[in-house]
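The structure appears below as C-alpha cells.
Numbering (my numbering), first residue to last: 17 to 375.
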C-alpha cells in the first residue's frame with residue numbers, strides 16, 4: 017500500500033516517526049513508571065530482576081546449562097549481546113531496542129493508512145501503555161517486544177524475506193512466539209492482504225528448524241522430565257489463579273480492548289467465529305503455561321493493531337475522536353502487573369521518583 021505521506025521527504029517522515037515513538041514511550045512512562053528504586057541494583061526475588069540475572073549470565077556464556085530450564089533455549093538475545101560485547105547492564109540495550117522497533121513498526125503501519133499525526137500518535141500510545149511495552153521496560157532483561165514484533169510481521173508484512181527472518185529467529189527469543197503464531201496467521205488471513213500462498217510452504221519448513229534442533233540437542237520437549245514436571249506444576253498452579261485471569265487480562269491491555277472489539281465487529285461474519293476460537297485458544301494456552309498473566313495478554317497484539325487499523329479506515333466522522341479518546345483512556349485507566357496471585361500496581365513517575373529519593 018503506498019504511503020499517504022509521499023509528499024513528505026523520507027527524512028521528515030523518519031524524524032516524525034522517531035518523535036511519535038519517543039513521545040509514546042515518554043508519555044507511557046510518565047503515567048506508568050518502572051520501580052526505579054528496585055532497578056538501581058540487584059534485588060533477588062523482585063519482578064524487576066526475576067529473569068534479568070539469568071539473562072546477564074547467558075550474555076556472558078549463551079550456552080550455559082546452570083540456569084533455569086525455561087531460559088536455556090532462549091538464545092537469540094544473549095547471543096546477540098555476547099557477539100556485540102554487551103556485558104552487565106549494557107546488555108539491557110537488547111530488550112529496550114526491541115521496544116523502540118516494535119513501536120516504530122506500529123507507527124509505520126499506521127502512517128501507511130493516514131496522514132493525521134494525532135491519530136498515528138494515539139494508536140502508538142495505546143499500545144505503549146499495554147504490557148507489550150510496560151513489561152520489557154519495567155522488568156529488566158525481558159525480550160518480549162521482539163516476540164510481539166515478530167507476530168506483527170507475520171500478520172502484516174508483505175515481504176517474504178521478513179517472514180523468513182522472523183520464523184528463523186524469533187522462536188529462539190521466546191517460545192511464546194509459537195503460541196501466538198496461529199492468531200497472527202489468522203489476522204493475516206482476515207484482513208485479506210498479503211495472503212500466504214501454497215508456494216509459501218517453505219516458510220513452514222523454516223519454522224520446523226527450531227523444533228528439530230531442540231529435539232536433536234535437548235530431547236523431546238513434550239516428554240522430557242523437566243518439561244513434564246514444569247507442565248504438571250503449572251497445571252496445578254493455574255487452578256487457584258483462575259479468578260484473577262480476567263483482572264490480569266484487563267490490566268495488561270485496558271484501553272486496547274476497544275480495538276479488539278472493533279476487530280471483531282468489522283470481521284467478516286463467516287470468519288468471526290474462527291478468530292474468536294483462535295483468540296480464546298491462544299489466551300487459554302498462555303494462561304496454563306505462564307503465571308505472569310498480565311504480561312501474557314500482549315500475545316493478542318496482532319488483533320489489537322488490526323482493530324486500530326480498521327478504526328482508522330472506518331467511514332466514520334468520529335473515528336479520529338475515537339482514536340484520541342482511546343489514547344486518553346489508555347493513560348488514565350489504572351494499571352498493574354498480575355503474576356500468579358500477586359498484584360503489583362503501577363504508579364506514576366512522580367511517585368516512583370519519590371521512592372527512589374527515599375531509598
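Glycine is no exception: its CB is placed at the ideal position from the N, C-alpha and C atoms.
Fair warning: this is a prediction, and the values are worked out from it, not measured in the lab.
From the DSSP output, read off the bridge partner residues of residue i.
i: residue 359; result: 354
From residue i to residue j, what does the alpha carbon distance come to, in whole angstroms?
i: residue 59; j: residue 372; result: 14 Å
i: residue 336; j: residue 43; result: 20 Å
i: residue 33; j: residue 258; result: 40 Å
i: residue 231; j: residue 89; result: 11 Å
i: residue 283; j: residue 289; result: 9 Å
i: residue 47; j: residue 178; result: 34 Å
i: residue 302; j: residue 312; result: 6 Å
i: residue 61; j: residue 69; result: 11 Å
i: residue 347; j: residue 55; result: 23 Å
i: residue 203; j: residue 370; result: 43 Å
i: residue 78; j: residue 285; result: 47 Å
i: residue 310; j: residue 351; result: 10 Å
i: residue 349; j: residue 132; result: 25 Å
i: residue 74; j: residue 261; result: 31 Å
i: residue 180; j: residue 308; result: 29 Å
i: residue 217; j: residue 197; result: 15 Å
i: residue 322; j: residue 114; result: 20 Å
i: residue 67; j: residue 182; result: 23 Å
i: residue 38; j: residue 116; result: 8 Å
i: residue 359; j: residue 26; result: 44 Å
i: residue 355; j: residue 151; result: 12 Å
i: residue 291; j: residue 172; result: 16 Å
i: residue 126; j: residue 375; result: 42 Å
i: residue 329; j: residue 273; result: 18 Å
i: residue 110; j: residue 332; result: 40 Å
i: residue 135; j: residue 219; result: 34 Å
i: residue 147; j: residue 314; result: 6 Å
i: residue 340; j: residue 324; result: 11 Å
i: residue 213; j: residue 176; result: 11 Å
i: residue 108; j: residue 343; result: 28 Å
i: residue 252; j: residue 81; result: 26 Å
i: residue 57; j: residue 281; result: 47 Å
Could you have a look at residue i and say whether DSSP puts it in helix, strand or coil?
i: residue 175; result: coil
i: residue 124; result: helix
i: residue 189; result: coil
i: residue 101; result: coil
i: residue 45; result: helix
i: residue 79; result: coil
i: residue 250; result: helix
i: residue 58; result: coil
i: residue 312; result: helix
i: residue 216; result: helix
i: residue 154; result: helix
i: residue 224; result: coil
i: residue 26; result: helix
i: residue 349; result: coil
i: residue 329; result: helix
i: residue 40; result: helix
i: residue 67; result: coil
i: residue 168; result: helix
i: residue 84; result: coil
i: residue 287; result: helix
i: residue 160; result: helix
If residue i and residue j are in contact, beta carbons under 8 Å, what's the gap, nearest whole angstrom?
i: residue 45; j: residue 153; result: 7 Å
i: residue 256; j: residue 357; result: 7 Å
i: residue 144; j: residue 364; result: Residue 144 to residue 364, Cβ: 15 Å. No contact.
i: residue 319; j: residue 279; result: 5 Å
i: residue 206; j: residue 287; result: 5 Å
i: residue 222; j: residue 184; result: 6 Å
i: residue 317; j: residue 164; result: 5 Å
i: residue 104; j: residue 72; result: 7 Å
i: residue 250; j: residue 304; result: 6 Å
i: residue 362; j: residue 353; result: 7 Å
i: residue 63; j: residue 155; result: 5 Å
i: residue 338; j: residue 327; result: 6 Å
For the ligand NAP, I want to know if residue i counts as a neighbour, meaning its beta carbon is within less than 7 Å of at least one of the ligand's heavy atoms.
i: residue 319; result: Of the ligands one can find in the structure shown there are none, so the ligand NAP has no counterpart to examine.
- [ ] Examine the Cβ distances between the stretch 158-169 and the stretch 128-142 and report whether three or more of them are shorter than 8 Å.
- [x] no
Open item on the list: With a threshold of 8 Å, are at least 3 pairs of Cβ atoms found where one atom belongs to the stretch 155-166 and the other to the stretch 181-198?
Closed with: yes
Open item on the list: Taking contact to mean 3 or more Cβ pairs, one atom from each stretch, closer than 8 Å, check whether the stretch 80-87 and the stretch 95-111 are in contact.
Closed with: no
Open item on the list: Three or more C-beta pairs under 8 Å: does that hold for the stretch 288-300 against the stretch 121-138?
Closed with: no
Task: Validate contact between the stretch 226-234 and the stretch 254-270 using beta carbons, cut 8 Å, 3 pairs - done: no
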